[in-house]
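With our numbering as the guide, the letters of the sequence shown map in order to residues 29 to 468.
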Amino acid sequence: MSQSIIGVHDKPPLNRWIPLSFQHVFAMFGATILVPLLTGLSPSTALFTAGTGTLLYILVTGAKVPAFLGSSFAFIPALTGISGQFGMPYALGGAFCAGLFYAVVGGIIKIAGTKWLDRALPPVVIGSVIIVIGLNLAPTAMQSAMYVNNQYSLVAFSVALFTLAVAIIATIFFKGFFNTLSILIGLVGGYIFTLVMGNFFPAYKFIDFSVVTSSDWFGLPSFAVPKFAFVPILTFIIVSLATICEHLGDTLVTSKVVGHDFYKDPGLHRTLTGDGIATTWAALWGGPPNTTYGENIGVMAITKVYSVWVIGGAAVIAIILSFIHKFGAIIQTIPGPVMGGISMLLYGLIASSGLRTIVESGVDYKDKRNLTISSVILVIGIGGGLLEFSLKNPAIDFKLGSVALATVVGILLNLILPKTLDSKKTETTDAPPDNAASGE
Numbered sequence: 029m030s031q032s033i034i035g036v037h038d039k040p041p042l043n044r045w046i047p048l049s050f051q052h053v054f055a056m057f058g059a060t061i062l063v064p065l066l067t068g069l070s071p072s073t074a075l076f077t078a079g080t081g082t083l084l085y086i087l088v089t090g091a092k093v094p095a096f097l098g099s100s101f102a103f104i105p106a107l108t109g110i111s112g113q114f115g116m117p118y119a120l121g122g123a124f125c126a127g128l129f130y131a132v133v134g135g136i137i138k139i140a141g142t143k144w145l146d147r148a149l150p151p152v153v154i155g156s157v158i159i160v161i162g163l164n165l166a167p168t169a170m171q172s173a174m175y176v177n178n179q180y181s182l183v184a185f186s187v188a189l190f191t192l193a194v195a196i197i198a199t200i201f202f203k204g205f206f207n208t209l210s211i212l213i214g215l216v217g218g219y220i221f222t223l224v225m226g227n228f229f230p231a232y233k234f235i236d237f238s239v240v241t242s243s244d245w246f247g248l249p250s251f252a253v254p255k256f257a258f259v260p261i262l263t264f265i266i267v268s269l270a271t272i273c274e275h276l277g278d279t280l281v282t283s284k285v286v287g288h289d290f291y292k293d294p295g296l297h298r299t300l301t302g303d304g305i306a307t308t309w310a311a312l313w314g315g316p317p318n319t320t321y322g323e324n325i326g327v328m329a330i331t332k333v334y335s336v337w338v339i340g341g342a343a344v345i346a347i348i349l350s351f352i353h354k355f356g357a358i359i360q361t362i363p364g365p366v367m368g369g370i371s372m373l374l375y376g377l378i379a380s381s382g383l384r385t386i387v388e389s390g391v392d393y394k395d396k397r398n399l400t401i402s403s404v405i406l407v408i409g410i411g412g413g414l415l416e417f418s419l420k421n422p423a424i425d426f427k428l429g430s431v432a433l434a435t436v437v438g439i440l441l442n443l444i445l446p447k448t449l450d451s452k453k454t455e456t457t458d459a460p461p462d463n464a465a466s467g468e
């Protein structure tokens with residue numbers, strides 16, 4: 029089990045609490061506002077529903093799971109497709125019902141129990157899926173680090189590498205409280221470096237303050253009311269089958285990072301229900317569907333600060349920022365290469381957590397069964413495997429790809445492939461049953 033500096037239930041003093049929470053805000057901000065920008069929703073509303081949705085999630089899970097919920101990219105095709113044919117209120121109605129569907133699935137899991145998960149998700153599947161989750165994000169990190177307007181930029185890459193270097197130095201060499209702020213220190217260091225260099229070299233002018241000057245200081249988020257129709261509801265429920273699989277993977281990663289099996293305590297039914305209620309709540313106010321964020325899992329992995337108080341503080345800050353437009357605009361000025369440099373570290377740490385799961389669980393890769401399961405999961409997940417079919421009315425594509433498809437295929441292979449003699453020996457001699465089941 030990981031040795032944390034600040035545990036799940038620990039409440040840090042205020043002078044540490046606020047900067048630790050801001051660190052999570054910086055990690056989630058870009059992705060959370062990008063989804064509404066791509067779909068025609070309000071970024072301020074997205075911040076409001078992300079913050080309030082995270083607080084609801086903490087409440088539903090009994091304050092036992094440190095997870096920040098931000099805008100979900102998986103629902104972008106459904107949001108754009110349904111809003112284009114029926115209007116955005118009906119897309120929000122579909123998202124509202126998708127969140128309720130999460131809760132229904134959570135209720136089924138509560139009745140059926142989770143013992144079947146121990147059989148379906150042994151360490152070879154868990155570890156491989158976690159690796160896929162981290163490496164699947166790697167191209168996004170490198171795109172931000174190396175490209176400006178889809179053109180390769182050595183200058184941008186130098187900013188990313190400087191930011192990465194500062195974050196690594198803070199992680200490895202800083203002690204005590206400053207070590208827990210290594211991600212924030214890396215972000216600030218990269219920002220200052222870009223700002224200073226931009227004053228001497230035009231190529232480094234990545235920071236544009238025009239969005240800050242044009243923003244109001246205060247304002248209400250723009251809210252919308254959902255409407256309901258059968259086809260939008262069905263479309264979003266179908267898409268939610270994929271996002272439920274993503275929830276399984278994210279909860280696995282969080283369990284391994286924190287060192288506690290959240291599938292069992294507080295229970296997968298509560299984490300899934302919390303995720304669903306957050307999505308339903310977001311749709312009720314006109315925000316995009318929510319999902320647990322890998323960026324924030326990465327922050328916890330590197331800082332070993334797992335406090336739900338810190339996550340809750342980040343949620344409150346997000347809510348405040350939804351009303352303070354000027355401050356939110358300042359965060360938007362963080363250059364893409366700076367975020368790319370930080371993401372290189374964050375996303376790699378998620379993948380490394382998967383490797384640790386496999387190593388600590390004693391998975392035997394001399395066993396062809398384990399080798400086959402891992403190989404297929406990695407290729408489908410990292411290679412962009414996609415299962416797709418279309419609905420005729422409306423013309424919406426259902427896609428089960430990458431992490432979600434890799435998770436489903438890995439589970440099926442583990443259930444279908446017969447266990448070899450080596451597998452049975454490993455189960456009975458090498459790995460304790462409880463740890464093998466939970467992935468700890």
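Glycine included, every Cβ here is placed at the ideal spot set by N, Cα and C. Every value quoted in this text rests on a predicted model; they were computed, and no experiment measured them.
Of the residues the options, which one's Cα is nearest the Cα of residue i?
i      : options                        : result
Phe229 : Ala123, Val187, Pro260, Gly90  : Val187
Phe251 : Leu84, Leu48, Ala74, Leu212    : Ala74
Thr400 : Asn442, Ala310, Val431         : Asn442
Ile104 : Thr271, Pro151, Leu377         : Thr271
Gly390 : Val436, Val404, Pro150, Asn318 : Pro150
Thr319 : Arg44, Thr80, Val36            : Thr80
Ser499 : Ser72, Asn177, Ser243          : Outside the shown range of the chain (29 to 468) lies residue 499, about which nothing can therefore be said.
Tyr130 : Met372, Val224, Cys273         : Cys273
Tyr375 : Leu42, Ile161, Val387          : Ile161
Met372 : Ser156, Asn43, Thr168, Ala106  : Thr168
Val194 : Val176, Asn177, Ile200, Gly214 : Gly214
Gly326 : Phe96, Thr77, Arg44            : Phe96
Leu377 : Val338, Ala342, Thr331, Lys396 : Thr331
Asn177 : Phe234, Pro40, Arg384, Ile139  : Phe234
Asp289 : Met116, Thr385, Gly340         : Thr385
Gln113 : Gly302, Val133, Leu84, Thr263  : Thr263
Leu300 : Arg44, Val132, Leu445, Gly115  : Val132
Ala306 : Asn43, Phe351, Thr77, Leu248   : Thr77
Gly341 : Ile61, Leu83, Ile34, Leu445    : Leu83
Ser156 : Lys447, Ile444, Leu433         : Leu433
Ile18  : Arg44, Val338, Tyr291, Ser402  : The question about residue 18 has no answer here: the residues shown for the chain are numbered 29 through 468.
Is it buried or exposed for residue i, if we count other Cβ within 10 angstroms and need 16 for buried?
i      : result
Gly122 : buried
Ala329 : buried
Glu416 : exposed
Ile345 : buried
Tyr219 : buried
Lys284 : buried
Tyr180 : exposed
Pro64  : buried
Leu414 : exposed
Ala198 : buried
Pro249 : buried
Ile405 : buried
Ile266 : buried
Just to confirm my understanding: we take residue i, look at its own chain, exclude 5 residues before and 5 after, and list those with CB closer than 7 Å. What are they?
i      : result
Leu212 : Pro47, Phe50, Gln51, Phe54
Asn164 : Gly409, Ile410, Ser430, Val431
Phe355 : Leu349
Leu120 : Ala252, Pro254, Ala311, Gly314
Thr308 : Phe124, Gly127, Leu128
Ala231 : Val183
Phe202 : Ser210
Glu323 : Ala55, Met56, Ala59, Leu374
Pro316 : Val63, Pro64, Thr67, Leu69, Ala74, Ser99, Ser100, Phe103, Leu107, Ala310
Phe237 : Thr361
Asn463 : Summary for Asn463: the model assigns pLDDT 39, below 50, so the residue's position carries little reliability, and this model does not support an answer.
By Cβ distance, which residues of its chain are closer than 6 Å to residue i, with the 5 residues on each side in sequence left out?
i      : result
Ser172 : Gly364, Met367, Gly368
Tyr393 : Leu399
Ile159 : Ala379, Gly382
Ser243 : His353, Lys354, Ala357
Lys143 : none
Pro41  : none
Ala166 : Tyr375
Val286 : Tyr334
Gly304 : Gly127, Tyr130, Ala131
Once you ignore the five residues that flank residue i on each side, which residues in its own chain have a CB closer than 8 Å to its CB?
i      : result
Ile439 : Ala148, Leu149, Val153
Asp336 : The sequence shown places Val at residue 336, not Asp. Cβ neighbours of Val336 beyond the five flanking positions: Val36, His37, Ile86, Ala91, Lys92, Val93, Pro94.
Tyr118 : Ile110, Ser111, Pro254, Lys255, Phe256, Ala257, Pro260
Val239 : Ala357, Gln360, Thr361
Phe190 : Gly217, Gly218, Phe221, Gly369
Phe185 : Ala173, Met174, Pro365
### Message
Runs of 4 residues minimum, wholly inside the stretch 93–148: which ones carry the alpha helix (DSSP H) assignment?
### Response
104–113, 116–140, 143–148
### Query
Where are the alpha helix (DSSP H) runs, 4 residues long or more, that stay fully inside the stretch 172–255, in chain order?
With a minimum length of 4 residues, the continuous alpha helix (DSSP H) runs that stay inside the stretch 172–255 are 182–201, 205–208, 210–228, 238–241.
### Message
Would the stretch 296–305 count as touching the stretch 271–283 if we require 3 or more Cβ pairs under 8 Å?
### Response
Three or more pairs of CB atoms, one per stretch, sit closer than 8 Å, so the stretch 296–305 contacts the stretch 271–283.
### Query
Could you give the uninterrupted runs of the alpha helix (DSSP H) lying entirely in the stretch 340–376, keeping only those of 4 residues or more?
353–360
### Unbroken stretches of the alpha helix (DSSP H), 4 residues or longer, contained in the stretch 277–319
296–313
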